[in-house]
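Under the working numbering, the residues of the sequence shown are numbered 7 to 389, in order.
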Amino acid sequence: MDLDPSHFQAGQLPPMAAAYLARAGSRLLDIHIVDAHDIFGDLVVADKHSFIGFLPAIFPRTWGITVAMRDRGSSVDLFQSTIFAFLDHCVPGVLTQVSIQVIKGLQLFHTIPRNPAEQLEPMIEVLGPPVTVLRLHNYYPKWASKIYHGLTELCLKGPRGSISESALITILRSSPKLRVLAIGIHIAYSTPIHTPVTSVLLADLEALTVYDPARQVGNNCQPLLMRIIQPGPNPLTLSLGILRLQSILAYNLSLHDNEGLMRFFGSSNITRLVVNQLSDYTDLANLLALMPKVRVLALHMPAMTRAVQNESVLPLASTVDSLYVTNPVYTFATSPLEQIIRRHGVSKVTLWSNLSAGVGLNELSTQATVISREEPNPILEWL
Numbered sequence: 007m008d009l010d011p012s013h014f015q016a017g018q019l020p021p022m023a024a025a026y027l028a029r030a031g032s033r034l035l036d037i038h039i040v041d042a043h044d045i046f047g048d049l050v051v052a053d054k055h056s057f058i059g060f061l062p063a064i065f066p067r068t069w070g071i072t073v074a075m076r077d078r079g080s081s082v083d084l085f086q087s088t089i090f091a092f093l094d095h096c097v098p099g100v101l102t103q104v105s106i107q108v109i110k111g112l113q114l115f116h117t118i119p120r121n122p123a124e125q126l127e128p129m130i131e132v133l134g135p136p137v138t139v140l141r142l143h144n145y146y147p148k149w150a151s152k153i154y155h156g157l158t159e160l161c162l163k164g165p166r167g168s169i170s171e172s173a174l175i176t177i178l179r180s181s182p183k184l185r186v187l188a189i190g191i192h193i194a195y196s197t198p199i200h201t202p203v204t205s206v207l208l209a210d211l212e213a214l215t216v217y218d219p220a221r222q223v224g225n226n227c228q229p230l231l232m233r234i235i236q237p238g239p240n241p242l243t244l245s246l247g248i249l250r251l252q253s254i255l256a257y258n259l260s261l262h263d264n265e266g267l268m269r270f271f272g273s274s275n276i277t278r279l280v281v282n283q284l285s286d287y288t289d290l291a292n293l294l295a296l297m298p299k300v301r302v303l304a305l306h307m308p309a310m311t312r313a314v315q316n317e318s319v320l321p322l323a324s325t326v327d328s329l330y331v332t333n334p335v336y337t338f339a340t341s342p343l344e345q346i347i348r349r350h351g352v353s354k355v356t357l358w359s360n361l362s363a364g365v366g367l368n369e370l371s372t373q374a375t376v377i378s379r380e381e382p383n384p385i386l387e388w389l
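Listed below in structure tokens is the structure:
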């Protein structure tokens with residue numbers, strides 16, 4: 007059920023919300039509350055009291071909730087009122103999925119006023135372990151909260167988020183059944199990169215996404231995170247991604263030669279690799295050499311402009327069955343793509359773009375598909 011607060015009028019529900027409730031009957035609800043306004047605009051709610059007053063009627067029967075609002079103007083007060091209503095009326099054990107996203111606006115250093123801890127924290131603790139899916143962006147309960155225990159999916163993103171290495175390890179140990187893990191906040195007070203650490207076994211892990219926190223120059227959370235994780239035998243999707251939602255940052259791939267990282271790559275069954283904004287095939291070749299089981303490779307927003315001239319400096323190439331190239335930048339050239347296809351024996355290529363980069367793909371692969379950007383991104387769920 008999608009709810010836009012600006013659509014509420016005094017005394018009546020938005021037509022789509024009313025139709026959804028009529029169809030749902032007595033079934034449990036999946037609620038999405040999204041401020042759909044432009045990032046530079048301010049949220050105007052036709053009747054805030056009608057919106058907030060409506061929430062207690064649906065939250066007790068809500069199994070999943072997504073809240074995404076801006077951090078400026080009237081959205082701040084509405085966000086806090088929504089969170090209080092959600093915590094006050096959702097039923098522990100019924101609610102199993104929580105996604106809270108604060109989208110940064112113009113005021114880059116603006117901080118959302120904190121609700122009194124004595125009011126908010128106990129309400130969060132009541133939800134606790136029954137919640138198994140938790141996705142947070144720029145809004146985090148205390149790291150010691152039980153809301154982080156017993157999870158099967160955890161996503162922590164936000165350019166100003168920060169967690170100590172010891173707190174993150176405690177959270178991972180409290181959720182040993184994690185299947186999906188995405189980390190895009192600063193890892194603080196970490197053990198020096200070359201100092202051995204005891205990794206946490208996540209035997210059920212199926213997808214690991216690691217973002218570079220934009221504000222932390224010189225701190226690469228990718229090696230900091232991967233060295234404290236020991237995946238199990240399941241096929242693993244590894245996505246090395248960017249963080250910022252409103253701007254595009256160059257992605258610089260960097261690997262540190264240390265025991266923790268080598269243990270991660272050596273013990274992981276990584277069969278699908280997603281890399282954001284790769285600019286040099288040499289980096290990709292070296293990375294794939296650490297993951298010989300990768301059979302599906304996805305390059306999102308690649309910026310490669312030329313092939314590697316001296317291939318003797320590259321490691322032996324493993325076989326990749328399928329290659330996805332999505333949203334390449336305007337400077338992207340087909341020569342490095344040709345090199346990847348040739349060296350790794352790629353048999354299926356999918357290009358998602360409106361650029362002319364797809365010209366000649368059929369000459370490189372017997373199974374080449376070019377998808378317009380008007381169609382859904384084929385790798386969106388991996389990012």
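Beta carbons are placed, not taken as given, at the ideal position from N, Cα and C, and that holds for glycine.
Keep in mind it's a predicted model, so treat the numbers as computed, not measured.
If the five residues before and after Q345 are omitted, its C-beta is found closer than 7 Å to the C-beta atoms of Y287, A313 and V314, all from its own chain and listed in chain order. Beyond the five residues adjoining it in sequence on each side, L142 comes within less than 6 Å, by CB distance, of I106 and L162 in the same chain, given in chain order. Between the region 33-41 and the region 60-77 there are three or more C-beta pairs closer than 8 Å, enough to call the two in contact. The beta carbon of V326 lies closer than 6 Å to those of L303, H350 and V352 in the same chain, with the five residues before and after it left out. For the 8 Å CB-CB criterion, S181 and L160 form a contact. Close CB contacts of F85 within its chain, under the 6 Å cut and outside five residues either way in sequence, are with M75 (chain order). Per DSSP, reduced to three states, the secondary structure at Q315 is coil, with no helix or strand assignment.
The C-alpha of A309 lies about 27 Å from the C-alpha of F270. Less than 8 Å divides the Cβ of P98 from the Cβ of L133. The beta carbon of A188 lies closer than 6 Å to those of C161 and T215 in the same chain, with the five residues before and after it left out. The three-state secondary structure of E159, taken from DSSP, is strand. When the Cα atoms are used, L207 and S341 turn out to be separated by approximately 41 Å.
In the DSSP annotation of this structure, the continuous segment of the beta strand (DSSP E) that includes A194 starts and ends at V186 to A194. Burial is judged here by how many other beta carbons sit within 10 angstroms of a residue's own beta carbon; S274 has at least 16 and is buried.
In terms of Cα proximity to L61, the closest of S32, D289, P334 and F92 is F92. Shown here, V132 sits in a helix according to DSSP, grouped into three states. Apart from sequence neighbours up to five positions away, the residues of its chain that approach E265 with a beta-carbon distance below 7 Å are P202, ordered along the chain. Separation of the CB atoms of V137 and L101 is rounded to 6 Å, and the pair is thereby assigned contact status at 8 Å. In this structure, the CA atom of E381 is about 14 Å from the CA atom of Y330. In the three-state DSSP reduction, S170 falls in the strand class (E or B). With respect to the 8 Å criterion, Y154 and G190 are not classified as neighbours on the basis of their beta carbons. Where L284 is concerned, there is no enclosing alpha helix (DSSP H), because DSSP gives it neither an H nor an E. DSSP places K354 inside the beta strand (DSSP E), whose first and last residues are K354 to W358. From the listed residues S32, E171, S56 and D83, the smallest Cα separation to R67 is found for S32. Of I234, P135 and I109, the smallest CA-CA separation from S170 is found for I234. L19 is the residue among Y26, A25 and L19 whose C-alpha sits nearest the C-alpha of G59. Judged by DSSP in its simplified three-state form, R179 adopts helix.
Collapsing the DSSP output to three states places G164 in a strand. In the structure shown, the three-state DSSP call for W69 is strand.
A distance below 7 Å between beta-carbons, with the five flanking residues on each side excluded, links P239 to the following residues of its chain, in chain order: N275. Taking the Cα positions, Y145 is about 11 Å away from I89. Listed in chain order, the non-local C-beta contacts of L244 below 6 Å within the same chain comprise L214, I276 and L279, local neighbours out to five positions each way being set aside. Excluding five sequence positions before and after M297, the CB atoms of its chain that fall closer than 7 Å to its own CB belong to F271, I276 and L279, given in chain order.
Rounded to the nearest angstrom, the gap between the Cα atoms of K299 and M268 is 15 Å. According to the DSSP secondary-structure assignment, Q107 is paired through a beta bridge with A74 and H143. DSSP places L101 in the strand class (E or B) of the three-state scheme.
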